[in-house]
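Colleague: Residue numbers (the UniProt record's numbering): 1 to 361.
All residues carry an ideal CB built from backbone N, CA and C; glycine is no exception.
#1: Suppose the cutoff is 7 Å on Cβ atoms and the five residues either side in sequence are ignored; what does the same chain contact list for residue 373 look like?
#2: Please report how far the alpha carbon of residue 155 lies from the alpha carbon of residue 185, in whole angstroms.
#3: Between 203, 195, 157, which lies nearest to residue 170 when the distance is taken from Cα to Cα?
#4: For the stretch 139-202, list the alpha helix (DSSP H) runs that are entirely contained and at least 4 residues long, ordered along the chain.
#5: Taking only runs of the alpha helix (DSSP H) that begin and end inside the stretch 261-294, which ones reach a length of at least 4 residues, in chain order?
#6: Is residue 237 helix, strand or coil when you go by DSSP?
#7: Is residue 142 near residue 256, with beta carbons less than 9 Å apart?
#8: Quickly, what does DSSP pair residue 86 with across the bridge? List them, please.
#9: Give the C-beta separation of residue 237 and residue 148 to the nearest angstrom, bearing in mind that I take them to be a contact with Cβ-Cβ under 8 Å.
#10: Please state whether DSSP places residue 3 in a helix, a strand or coil.
#11: How far does the alpha helix (DSSP H) with residue 105 in it extend, from its first residue to its last?
#12: Checking the sheet assignment: what are the DSSP bridge partners for residue 9?
#13: For residue 66, which residues of its own chain have a beta-carbon under 6 Å away from its beta-carbon, when the five flanking residues on both sides are left out?
#14: Can at least three beta-carbon pairs, one atom from the stretch 101-109 and one from the stretch 76-85, be found at a separation below 8 Å?
#15: Is residue 349 near residue 281, with beta carbons less than 9 Å apart?
#16: Cutting at 6 Å between CB atoms, please list the residues of its own chain near residue 75, excluding the five before and the five after it.
#17: Assuming the contact rule is C-beta atoms closer than 8 Å, residue 139 and residue 216 should be a hit. Round their C-beta distance to whole Å, please.
#18: Counting pairs of beta carbons, one from the stretch 191-202 and one from the stretch 326-336, are three or more of them closer than 8 Å?
#19: Which same chain residues end up closer than 8 Å to residue 226 when comparing Cβ atoms and leaving out the 5 residues on each side of it in sequence?
#20: Alpha carbon to alpha carbon, how far is residue 145 from residue 174?
#21: Which whole-angstrom value is the C-beta distance of residue 92 and residue 64, which I expect to be below 8 Å?
#22: Ignore the nearest five residues each way along the sequence and tell me which others in residue 182's own chain have a CB closer than 7 Å to its CB.
#23: Start and end of the beta strand (DSSP E) containing residue 362?
#24: Measuring CA to CA, which of 127, 111, 176 is closest to residue 118?
#25: On the CB-based measure, 16 or more other CB atoms within 10 Å of its CB, does residue 291 come out buried or exposed?
#26: Taking the alpha-carbon positions, what's the residue 351 to residue 284 distance?
#27: Three-state secondary structure (DSSP) at residue 360?
#28: Straight-line CA distance for residue 338 to residue 252?
#29: Looking only at DSSP bridge pairs, what is residue 24 linked to?
#30: Give the range of the alpha helix (DSSP H) segment to which residue 93 is assigned.
#31: Helix, strand or coil: how does DSSP classify residue 65 here?
#32: Pick helix, strand or coil for residue 133, following the three-state DSSP scheme.
#33: What is the rounded straight-line gap between the Cα of residue 293 and the Cα of residue 14?
#34: Would you mind giving the Cβ-Cβ distance between residue 111 and residue 263, rounded to the nearest angstrom? I have them listed as a contact below 8 Å.
Spelled out as structure tokens, the structure:
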């Protein structure tokens with residue numbers, strides 16, 4: 001399965017400090033696993049699936065790497081550009097020996113970084129199939145799969161084309177060149193098709209409701225509509241959570257998604273829709289950035305239990321967030337498929353079928 005990590009915060013962090021230097025960095029996750037509390041809170045009824053799930057985690061991720069980081073560079077040279085935009089590096093070379101990537105990480109910092117290593121659901125192994133995918137100011141990445149995508153791909157394209165006609169007819173602002181969502185799809189992955197459907201919805205929602213109270217409301221609504229379309233198509237083809245027959249209760253979609261504009265809003269999900277399915281791992285930390293950042297000394301005291309999300313009752317997490325005092329790193333969030341370090345870093349496994357939203361106010 002794929003692995004990904006995202007950092008978003010008030011203060012920048014070096015790409016090397018997030019992606020290379022930790023003892024269990026995403027580069028290490030190509031072939032190594034660290035999954036504390038993976039089955040925490042699961043009922044005994046899922047025991048018979050656990051061995052298969054653990055076996056799935058033994059797969060290695062050798063089908064490509066991608067990273068986006070947000071930068072203000074263009075705002076200094078182009079008056080038409082007002083916001084940070086994502087820069088990108090993608091490769092199918094082994095990332096642990098990629099010297100160009102190391103140089104990039106050693107000399108680049110950002111307040112928002114997304115990185116992804118790919119375990120291909122669909123060939124070929126080419127750079128255009130690597131996540132994250134960029135749509136205007138947004139970046140999108142995914143760990144998981146859309147079940148039955150090969151038989152439903154044409155219907156997904158039809159739905160994208162329907163939304164494309166709406167955007168073109170109404171002359172709405174678009175996250176793809178020329179308002180042509182169909183032609184913007186370069187690769188053949190389920191993720192790129194899912195993302196294109198998603199951003200077609202998001203562009204329409206933003207055009208119809210530009211004054212939404214919370215900037216993440218549009219992101220969530222677009223996600224709800226996108227998954228509803230996927231389910232409708234899967235129901236017609238009897239795939240995914242609508243598969244019939246023996247063993248169908250464990251068949252579904254794995255949708256660990258992350259969408260961000262790099263500075264104002266982010267949505268991350270941990271989700272599997274099978275009746276007895278189990279989502280891929282996903283972890284959250286509000287304090288790991290200070291421990292990863294080379295700017296701050298390593299002898300600072302460990303957080304107390306009241307400050308440590310890992311030790312706190314899950315029902316108190318919202319209270320912790322509401323009353324959270326920013327560290328030296330500033331207010332920030334790190335979400336990843338696995339913790340970046342096997343050393344002490346306060347972190348919490350996100351709940352099954354949950355979403356996280358981050359906004360700038």
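Modeller: Per the coordinate set shown:
#1: Residue 373 lies beyond the stretch modelled for the chain, which goes from 1 to 361, so this question has no answer here.
#2: Locating residue 155 in the chain shown gives position 155, where the first residue counts as 1. Locating residue 185 in the chain shown gives position 185, where the first residue counts as 1. Those two C-alpha atoms are separated by around 15 Å.
#3: In the chain shown, the residue the question calls residue 170 occupies position 170. Closest by alpha carbon: 203.
#4: 149-170, 181-184
#5: 288-292
#6: As a first step, residue 237 must be located in the chain shown, where it is residue number 237. DSSP places residue 237 in helix when its eight states are reduced to three.
#7: One-based indexing of the chain shown puts residue 142 at position 142. One-based indexing of the chain shown puts residue 256 at position 256. Cβ distance < 9 Å, so residue 142 and residue 256 count as in contact.
#8: What you label residue 86 is simply residue 86 of the chain shown in a count that begins at 1. Paired residues: 70.
#9: Within the chain shown, the letter at position 237 stands for residue 237. Within the chain shown, the letter at position 148 stands for residue 148. So it is a contact: roughly 6 Å between Cβ atoms.
#10: As a first step, residue 3 is located in the chain shown; it is residue number 3 there, counting from the start. In this structure, residue 3 counts as strand in the three-state DSSP scheme.
#11: By one-based count along the chain shown, residue 105 stands at place 105. Looking at the DSSP string, the run of the alpha helix (DSSP H) that includes residue 105 is 99-106.
#12: Taking the first residue of the chain shown as position 1, residue 9 is located at position 9. In DSSP, residue 9 forms a bridge with 332.
#13: By 1-based counting over the chain shown, the position of residue 66 is 66. The residues are 90, 116, 130, 131, 132.
#14: no
#15: Taking the chain shown and counting its residues from 1, one reaches residue 349 at position 349. Taking the chain shown and counting its residues from 1, one reaches residue 281 at position 281. Cβ distance < 9 Å, so residue 349 and residue 281 count as in contact.
#16: Translated into positions along the chain shown, residue 75 becomes position 75. Here the set comprises 81.
#17: Stepping through the chain shown from its first residue, residue 139 is reached at position 139. Stepping through the chain shown from its first residue, residue 216 is reached at position 216. Not confirmed; about 15 Å, so no contact.
#18: no
#19: On the chain shown, position 226 is the one that residue 226 refers to. Counting only Cβ-Cβ distances below 8 Å, and skipping sequence neighbours, we find 194, 197, 198, 201.
#20: On the chain shown, residue 145 is found 145 positions in, with the first residue counted as 1. On the chain shown, residue 174 is found 174 positions in, with the first residue counted as 1. Answer to the nearest angstrom: the Cα atoms are 26 Å apart.
#21: Your numbering for residue 92 matches position 92 in the chain shown. Your numbering for residue 64 matches position 64 in the chain shown. With 8 Å as the limit, residue 92 and residue 64 qualify as a contact, their Cβ atoms being about 5 Å apart.
#22: The residue you call residue 182 lines up with position 182 of the chain shown. 157, 160, 161, 164.
#23: Here the chain comprises residues numbered 1 to 361, so residue 362 is not present and cannot be evaluated.
#24: Working through the chain shown from its first residue, we reach residue 118 at position 118. Among 127, 111, 176, the Cα nearest to that of residue 118 is on 127.
#25: Sequence index remark: in the chain shown, residue 291 carries index 291 (1-based). By the neighbour-count rule (16 or more Cβ atoms within 10 Å), residue 291 is buried.
#26: Against the chain shown, residue 351 aligns to sequence position 351. Against the chain shown, residue 284 aligns to sequence position 284. Looking at the two C-alpha atoms, the distance is approximately 10 Å.
#27: Stepping through the chain shown from its first residue, residue 360 is reached at position 360. DSSP places residue 360 in coil when its eight states are reduced to three.
#28: What you label residue 338 is simply residue 338 of the chain shown in a count that begins at 1. What you label residue 252 is simply residue 252 of the chain shown in a count that begins at 1. Those two C-alpha atoms are separated by around 22 Å.
#29: In the chain shown, counting from the first residue as 1, residue 24 sits at position 24. Looking at the DSSP assignment, residue 24 forms no beta bridge with any residue, so it has no partner.
#30: Taking the chain shown and counting its residues from 1, the one referred to as residue 93 is at position 93. Run containing residue 93: none; DSSP gives neither H nor E here.
#31: Locating residue 65 in the chain shown gives position 65, where the first residue counts as 1. Reduced to three states, the DSSP call for residue 65 is strand.
#32: Taking the chain shown and counting its residues from 1, one reaches residue 133 at position 133. It is a strand residue.
#33: In the chain shown, the residue the question calls residue 293 occupies position 293. In the chain shown, the residue the question calls residue 14 occupies position 14. Using only the alpha carbons, I get a separation of about 7 Å.
#34: Locating residue 111 in the chain shown gives position 111, counting from the first residue. Locating residue 263 in the chain shown gives position 263, counting from the first residue. Confirmed, Cβ separation roughly 7 Å.
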